[in-house]
Amino acid sequence: MRIAVAGGGPGGLYFAALARQLSPDAEITVWERNAPDDTFGFGVVFSDETLGGIENADPVIYRQMEREFARWDDIDVQVKGQVITSGGHGFAAMNRRRLLAILQRRCAELGVTVCYRAEAPPAAELAAGHDLVVAADGANSVIRASMAGSFRPDRDVRRCQYMWLGTDLVFDAFKFCIEQTPHGVMQVHGYPYDAAGSTFIVEMNDAVWRAAGFGQLAGRKLAPGESDHESIARIREIFGRLLGGHQVHANNSRWISFATVRCARWRDGSIVLLGDAAHTAHFSIGSGTKLAMEDALALAACLNENAGLDAALAAYEAERRPVVASTQRAAQASLEWFENLGQYLDQEPEQFAFNIITRSRRVTHDNLRLRDPEFTERIDAWFAGHEKRRGMGSGEIIPPMFQPLRLRGLELKNRVAVSAMDMYSAAGGTPSDFHLVHLGGKALGGAGLVMTEMVCVSAEGRITPGCAGMYAPAHERAWRRITDFVHDSSTARIGLQLGHSGRKGSTRLMWEGIDQPLAEGNWEVCAPSPLPYRRGVSQVPRELTLTEMEQIKQQFTAATAAAQRCGFDLIELHCAHGYLLSSFISPLTNRRTDGYGGSLAGRLRYPLEVFAAMRAIWPAAKPMTVRISATDWSDGGIRGEDAVEIARAFAAAGADAIDTSTGQVVPEEQPAFGRSYQTPFADAIRNQAGIATIAVGVISSYDDVNSIILAGRADLCALGREAARRALGERPYDVQLLGTLAMLAGQVAEMATGEGKTLVATLSVYLNALGGEGVHVVTVNDYLAKRDAEWMGPIYSFLGISVGVVVHGLDDPERKEAYACDVTYGTNNEFGFDYLRDNMKYSLDEFVQRPFNYAIVDEVDSILIDEARTPLIISGPAEESTDKYYKINRLIYQLKKEADFKVDEKAKSAYLTEEGVAKIERILKVDNLYDPKYVEFLHHINQALKAHHLFARDVDYIVKDGQVIIVDEFTGRLMPGRRFSDGLHQALEAKENVKIERENQTLATVTFQNYFRMYAKLAGMTGTADTEAMEFRKIYNLDVVVIPTNRSLIRTNFPDVVYRTEREKFKAVVGEIDDLYKRGKPVLVGTLSIDKSERLSEMLKRKGIPHHVLNAKIHEREAEIVAQAGRYKAITISTNMAGRGTDILLGGNPVFLARMLAKGKDDEETYSKALGEAKMICEKEKAQVIAEGGLHILGTERHESRRIDNQLRGRSGRQGDPGSSRFYLSLQDDLMRIFAKDWVS
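Counting in our numbering, the sequence shown runs from 1 upward without gaps.
See the structure below:
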């Protein structure tokens, strides 16, 4: 393999060395434009995690680096004459020049060719002569620039200026030194890199830089490699006290404005980007070298572990992109913090120190408590004292989130609020029982403040017909019921959010089509200007006249007066998200030319008038807050600096806090989602405008709340935004929230098939994962575990929750990593066997599982009832011959049913008669078969009788690759690795004449019943649980709650049809399938065994009816077959496998169809075109299928368990779709023959 590397910095050289080690025959050439000893800067920093990877990959390089390290644990924050120290941070740094020398020497030892003072040839030329081209040529990459059309780089140049210097002052910690100068605030961060020197980086925002005269000095043209000595001289003067007479060293040192580089793609053909060429991240502790060397590690490993270059480069990008994106988000937060450093100078040193250390949101309150408990205790004590001096709290040292907060005469018991969440469950504006359950439940949950959804001041001000209002006596009565419950039953306080939808009104309920106009019954919408929300979709709003504006203002004041009568503790005016008052504020939506448009002051005029009118009648002792969109996330709209002015205006009008949200003003917004992504806006408003703020938006844990409050970024944190809608485009239905409440209470939620149990589970999983003790989500197979983890992963990631999956084939380190995640998906078998394996280990350190905290069991009836007493067994081979099983198997053929043995199918037993015992004694020439020495032989004879007469091939088991594999009677799936006990499996192997495995002895065992009772909290969900409610209660202490469907069920369940013989029944089944196929109606046919599914398939083939078969033998395309079972003319025959899992969409699933149309091509353009075509096909077929009455379920037999039949029937008629079902039975069916033989015969 020939490899070309452009760039001989640390990333390029390290990759070349690793690749050469892993492929000694590879021919590797590195081009570096500079001389070997040319470099810039001084020290580079590594985390312990990165160093661990370097040590494992190449111990030679690591040992040489280790000898050079300067290590430190402490971070010192020097501000206002004080030094605050935090320990336990564990970093290592070294001289950048020495690092390059080590890597250069290693490349030479390994035979890598390095061409110095040589520009790399053009990318196309390199690609033509090499198998792989690695562009590691830095932030100003020539290769990236020459292929900008492919890599699509984006450069975000920031506002701070910094200079990288060195000093002979050897620091004993990482130093943040804040210097207040006449020109503004400047800061130095420095760290030791060897025994003789430290890195010394000076940074300030652009305004301070210019005020200090550095802009003029930097205007002088410098030669390549020349440092800006005039600026350096001035830096020596400014920081003379810190330097204490020590020298400042320059090395190509000049002012730099950092640019964040992001690329849409990192690879094109055989060319791949690495390090700063692919991405940059300025973290105020140089991240470039660290990230580049981590990239090199990953790329070399992926080339070694994957077959083919395309697969290797795809794996490299897939592995590194999430890591880099996370680092870049943290770096962006750090950059923006330093750009606004001046706003924090009023903070006391303790708070400032905590703020600067946690600025990137990677280091948190809990994280610091682990690193340095004394530091955290000191900061917590400072905060408790500080709040006491402000008249809040007793001074007790408790976590910041539990310190009380006072707004006017209202005291909240803690700093946690439940954010306003739209319920869309009101009728005619009147809040319902669901509002009582939702708000009451949140109040009982311990929050200090619970906020209502946006409550509309008029019928025309509603967003949807389901929105709550405050404009009628019935509304007041309903709200009074809720406020009374909150006040009587909890210590929480309740706030009312008032608003008017403006141009975003008269739309459907969110789950029926967000922002879509009503199908009928629309009302006219209004706005400051006649601009529709979505052009060509939304109504064009009526431009408000001054008279109408006065009327709406009066509606707000009337609602305010009503709120007082209802007993609300706080009112919030909604001026965000593009609703009426927000659309006055944004220049994107307000084009008025009167006094209510134009400048920010003009656009704010009407919202301020409404606020003032409300404040005038709202009791002086009760607070008022305002929700704003602090940015429109769109060019030409509101920006962060505007938000500060908006907050100042409302503060001057009497607002007590600003609820700081963002966006949703225009549909073309481009928000920057991420952990606590809106908090920086609350931070800026609080620290610049001097008003209390409420932070909202992906604040995912108590740790985040503590960190935000303690750093002074906000005074209150609102939790509970709809992460599912943001991350997936899905919003829980009201009934799904009821399912969540049931599972939060540790109950079983029975939800009809198709009601979205997977999404429901995430809500309960998230809340239970916040404690950090782990949540297990249990599914019935590996496919569903992986599917659900991938499907729901964006929600958890959006909320800052880590997700792992435990599936068959993982080794112990991979399992341990998965269990260490906040949420772990897996099957009941994997969880149970990991428990058994852990209990066979000698050291707790080897355990992969953590203590059992909370489990949600999907298809809970199958796992906790059907398999309750199924033992999980880890066994070892017993010392016993297998010959006896063949010998016994030959005997069975000599025995006659009824005369020599009897079979009880109902009890699933078989036994010898007296005549049979005598016959066996004669054949074996023994005197007494019941003699103790022959009892075991008798047991194996009975097991062999069961194998021959009670267990049928392709019903109870299959034979595959010379093995007998069990078929699960409830799910129809194969169970590889599972074996029948007590010699039954060996009897089946003898019957089928395959190799007999030795009977095993048990080493460890547990039943599912006993395993799941070990969880501190258990909950479950299924479509069929109520029939087993008594068992759930008796065995697991779990109550079953039946959740209503979101839409009415309109499936027609036809009566069963019973035939005399099985032959007549199957003839009728084929006849009905033929009739329905000719009409185009899709049919899902359920059979109880593989054998019968294959028999029916043969009958359909003879009729010429195209169809798919899904059973345990043919299961690889399960998801695809089931997903397409709703297409026009689709006929699908399935065993019980189709009862659970993938949704059947009428008309078909466009995603699966697009994959087929794309014919294996995975490029974005082909797939996008295929998906568009697939959507059109599916929409057309959906209309055809609905016209024929939807999906028809045809059951060919009844199962012993009514739940299994209900699961099959439940595949049709989901979410209000039409559908039908019918079961065909015969008097020869097993159920009839075994359980009703007395009256059937």
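We treat Cβ as the ideally placed atom computed from N, Cα and C, and that holds for glycine.
By the three-class DSSP mapping on this structure, what secondary structure does residue 1195 have? Residue 1195 falls in the strand class under three-state DSSP.
Considering only DSSP beta bridges, list what residue 154 is partnered with. Assignment of beta-bridge partners to residue 154 by DSSP yields 262.
Looking at the secondary structure, which residues open and close the beta strand (DSSP E) in which residue 497 lies? 493-499
Just to check my reading of the structure: residue 719 and residue 418 have Cβ atoms closer than 8 angstroms, yes? What is that Cβ distance to the nearest angstrom? 6 angstroms
Three-state secondary structure (DSSP) of residue 227: coil
8 angstroms contact criterion, which residue 2 and residue 131 should meet: CB distance rounded: 5 angstroms
Could you round the C-beta distance between residue 775 and residue 823 to whole angstroms and report it? I think they count as a contact, below 8 angstroms. 5 angstroms
Excluding the 5 residues flanking residue 1140 on each side, which residues of the same chain have their C-beta closer than 6 angstroms to its C-beta? Any reading at residue 1140 needs caution, since the residue's pLDDT is 49, under 50, leaving its predicted position unreliable; the model's value is listed next. The answer, listed in chain order, is 859.
Entirely within the region 687-719 and at least 3 residues each: give me those beta strand (DSSP E) ranges in chain order. 692-696, 716-719
Going by the beta-carbon positions, is the gap between residue 497 and residue 435 smaller than 7 angstroms? For residue 497 and residue 435, no; Cβs fall outside 7 angstroms.
Enumerated in chain order, which unbroken segments of the beta strand (DSSP E) with a length of 3 residues or greater are wholly contained in the region 44-89? 70-72, 75-79, 82-86
Would you say residue 181 touches the ligand ADP, meaning its beta carbon is less than 6 angstroms from a heavy atom? Among the components modelled here there is no ligand, and therefore nothing to report on the ligand ADP.
Beta strand (DSSP E) segments (min. 3 residues) lying fully within the region 384-463: 405-407, 410-412, 416-418, 449-456
Out of 954, 968, 900, 965, point me to the one whose CA is closest to residue 945's CA. With respect to the C-alpha of residue 945, the residue from 954, 968, 900, 965 having the closest C-alpha is 900.
So residue 411 packs on residue 404, CB below 8 angstroms; how close in whole Å? Going by Cβ atoms, the distance from residue 411 to residue 404 rounds to 6 angstroms, so yes, they are a contact pair.
Segments assigned alpha helix (DSSP H), at least 4 residues, entirely inside the region 864-909: 883-892
Could you name the residues of the same chain whose beta carbon sits closer than 8 angstroms to that of residue 426, not counting the 5 residues immediately before and after it, in chain order? 432, 435, 466, 467, 468, 469
With burial defined as no fewer than 16 other Cβ atoms inside 10 Å of the residue's Cβ, what is the status of residue 692: buried or exposed? By the neighbour-count rule (16 or more Cβ atoms within 10 Å), residue 692 is buried.
Hey, residue 751 and residue 1090: beta-carbon distance below 7 angstroms or not? no
Tell me the rounded alpha-carbon separation between residue 274 and residue 255. If you draw a straight line from the Cα of residue 274 to the Cα of residue 255, it comes to about 25 angstroms.
Residue 72 versus residue 161: straight-line alpha-carbon distance, rounded: Roughly 27 angstroms between the two C-alpha positions.
So what's residue 1202 in DSSP terms, helix, strand or just coil? helix
Integer Cβ distance of residue 282 from residue 166, believed to fall under 8 angstroms: Contact flag wrong, Cβ pair sits at about 18 angstroms.
Do residue 450 and residue 443 have their C-beta atoms closer together than 7 angstroms? Against a cut-off of 7 angstroms, the Cβ pair of residue 443 and residue 450 comes out as a contact.
Please name the residue, chosen from 862, 1006, 688, that lies closest to residue 839 on a Cα-to-Cα basis. Its Cα nearest to that of residue 839, the residue 1006 stands out among 862, 1006, 688.
Going by the CB atoms, is the gap between residue 110 and residue 20 shorter than 7 angstroms? yes
What is the DSSP secondary structure of residue 1242, counted as helix, strand or coil? Here the chain comprises residues numbered 1 to 1241, so residue 1242 is not present and cannot be evaluated.
Threshold first: 3 residues or longer. Then list the beta strand (DSSP E) segments lying entirely within the region 772-819, N to C. 775-779, 803-806
In the structure shown, what three-state DSSP assignment does residue 974 receive? Residue 974 falls in the strand class under three-state DSSP.
Note down the Cα distance separating residue 638 from residue 558, rounded to an integer number of angstroms. 30 angstroms
Could you check what DSSP says for residue 197 in three-state terms: helix, strand or coil? Strand at residue 197.
Spatial distance of residue 352 from residue 587 (CA atoms): So the alpha carbons of these two residues sit roughly 35 angstroms apart.
Do the CB positions of residue 199 and residue 43 come within less than 7 angstroms of each other? In this structure, residue 43 lies closer than 7 angstroms to residue 199 by Cβ.
Taking residue 337 as the reference, which of 228, 847, 631, 205 has the closest Cα? Closest by alpha carbon: 205.
For residue 159 and residue 1123, the rounded distance between their alpha carbons: 51 angstroms
From the DSSP secondary-structure annotation, give me the bridge partner or partners of residue 953. 957
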